[in-house]
Every structure is written in structure tokens, then in C-alpha cells.
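For the sequence shown, position 108 (counting from the first letter as 1) is numbered 108 according to the UniProt record's numbering, and the numbering increases by one without interruption.
Here the structure comes first, spelled out in C-alpha cells, and everything after it is commentary.
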Amino acid sequence: MPELPTVRIDIVSDIMCPWCIIGYKKLEHAMSKMREAAEFEIIWQPFELNPDMPFEGEHLGEHLRDKYGSTKEQSIKSRQQIIETGKALGFEFRFNDNSRIFNSFLAHQLLHWAKSYNKQTALKLALFDLYFTQQQNPSELLLLLDVAEKVGLDRNAAKEILETQRYAQAVRDDQFFWAENDVRAVPAFIFNKQYLLSGAQEPQTLQDVIETIIKEQTQ
Numbered sequence: 001m002p003e004l005p006t007v008r009i010d011i012v013s014d015i016m017c018p019w020c021i022i023g024y025k026k027l028e029h030a031m032s033k034m035r036e037a038a039e040f041e042i043i044w045q046p047f048e049l050n051p052d053m054p055f056e057g058e059h060l061g062e063h064l065r066d067k068y069g070s071t072k073e074q075s076i077k078s079r080q081q082i083i084e085t086g087k088a089l090g091f092e093f094r095f096n097d098n099s100r101i102f103n104s105f106l107a108h109q110l111l112h113w114a115k116s117y118n119k120q121t122a123l124k125l126a127l128f129d130l131y132f133t134q135q136q137n138p139s140e141l142l143l144l145l146d147v148a149e150k151v152g153l154d155r156n157a158a159k160e161i162l163e164t165q166r167y168a169q170a171v172r173d174d175q176f177f178w179a180e181n182d183v184r185a186v187p188a189f190i191f192n193k194q195y196l197l198s199g200a201q202e203p204q205t206l207q208d209v210i211e212t213i214i215k216e217q218t219q
């Protein structure tokens, strides 16, 4: 049986971004249709929506009002749309009137480290769950260590990495690289370092790109 081509997908995203998990769920659907035609290498890349966010975070509704000018009614409508979209894709958002938005820099450092152990996707999904479903603060050290341990990473090693911020500069460098390569919003999907798609694209759109890449690799 011939070896399947490998499609590399870099996903630039932030765990604070609801459309990032929605976009990934749509990508999962597209990949499931192509499992017999290709293998996939997923690499998560960092993006901070709010790099200056304090540890304690901000009230989500107030943040959206101050940053985007959203009214309370607009925020509620948007929140409901996200909840319904997530439910249809098998992901549960539990927004409430007290939901907050937090700093994600430590989480990105943990994700950078997890790449060496092929645990990035498991960790990323666990972080999305921690924030959106459990409504917890993913910048709290103990919570991050719990999540790291849950997905099979060494808790003590994770603690040392986060306390020393060993990968802080590496994360900043990665963010700078993607900003220099025209990634201004998330999610962004880069296929085989060639094709860039921005936003939570529909599964068929993603599948079309994958099919194009497979054809190029097998010609």
C-alpha cells in the first residue's frame, strides 16, 4: 500500500477566541473525510488577542463594549450564536453573565513546550474546555498544571517551565513571525506553508484546500 501524503496545517489561534475552537471543529470534520487520502500534522501557533490583559482578567461583556463598542444586546446575541454553533459541532460553551476574559501568555508557553511531546492538540483542546466549558482562568498556574498532567505531560517539568518562563521569548518570536506573514486575525490556517485561510471556514472549503494539496503532492 503506497504511503499517504502528509498535509501540514499550522493553526494560529488563541484559547480566548471562541471562533478558534469552532474553526478547529470544522477542520476536524474536513479531515475526517480525507483520512484515507492523507495524514495530517497539526501544529498550533500562538496569537494573543489581548497581550496586556491582567492576570485577573476582565468582565467579558465590559471588555467587548470597551474594545469593540458592542452593546449588551449585541453581546448577548453574539454569545448565543456562538453557543448554538458550538453545540452543532459537539463543543459546549457555557457563557454566563459573569464570564471573564483572561491572559493566555502562560498557556501559549505550555503549548510551545507540549509540541516536543506530540501533546499540543490534546493540550489545546483541554485548554479550550477549561476556559469555555468550565469557565476557569487559564492563566492560573495550578489549573495549567492540572491540565498538563491530565493530557499526559510531566507536572513538575511543566511547573518549572512556567515558573521560569523558559519559552516566553520563543512564543513572542513565533507571534512576531506570523504577524510578519500577514496573520492579523484568528483562527488562521496555513496549509503546507503555502495556503492561508483566515476565519472559521466551512468544512467543505477546508476539504477543497486539502484535496488541492494532495493532488499537488501526488502528481
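The C-beta atom is built at its ideal place from N, Cα and C for all residues, glycine as well.
For residue i, which residues does DSSP report across the bridge?
i    : result
Q45  : V12
L4   : The partner list for L4 (beta bridge, DSSP) is empty, contrary to what the question assumes.
R100 : H59
L197 : F189
Note down the Cα distance separating residue i from residue j, rounded to an integer number of angstroms.
i    : j    : result
Y131 : I213 : 34 Å
T164 : Y68  : 34 Å
Q207 : K25  : 13 Å
I9   : G23  : 13 Å
S75  : F93  : 14 Å
S13  : A200 : 11 Å
Q175 : N137 : 22 Å
E216 : E58  : 46 Å
P54  : A148 : 22 Å
M34  : G152 : 28 Å
Nearest to residue i by alpha carbon, out of the options?
i    : options                 : result
E140 : Q169, L49 and H108      : H108
G86  : G152, Q45 and C17       : C17
F40  : I101, T121 and R172     : T121
L142 : Q219, I83, L106 and D97 : L106
L144 : A179, N103 and T71      : N103
T133 : E149, N96 and M34       : N96
P203 : P2, A158 and M31        : M31
V186 : G152, N118 and I21      : I21
N98  : Q169, E3, G61 and D66   : G61
Just checking: is the beta-carbon of residue i within a distance shorter than 8 Å of some beta-carbon in chain D?
i   : result
Q45 : No chain D is part of this structure, which consists of one protein chain only.
Less than 7 Å between the CB of residue i and some heavy atom of the ligand FMN, yes or no?
i   : result
G61 : Inclusion of the ligand FMN in the displayed structure is not the case, the ligand content being empty and no account of it being possible.
On the premise that residue j lies in contact with residue i, defined as a C-beta separation below 8 Å, what is that separation, rounded to the nearest angstrom?
i    : j    : result
W113 : I161 : 5 Å
E181 : V7   : The sequence given here has Asn at residue 181, not Glu. With a Cβ gap of about 19 Å, N181 and V7 do not count as contacting.
Only counting runs of 3 or more residues, tell me where the beta strand (DSSP E) segments fall wholly within the stretch 108 to 193, in order along the chain.
Unbroken beta strand (DSSP E) runs of no fewer than 3 residues, entirely contained in the stretch 108 to 193, are found at 188 to 191, following chain order.
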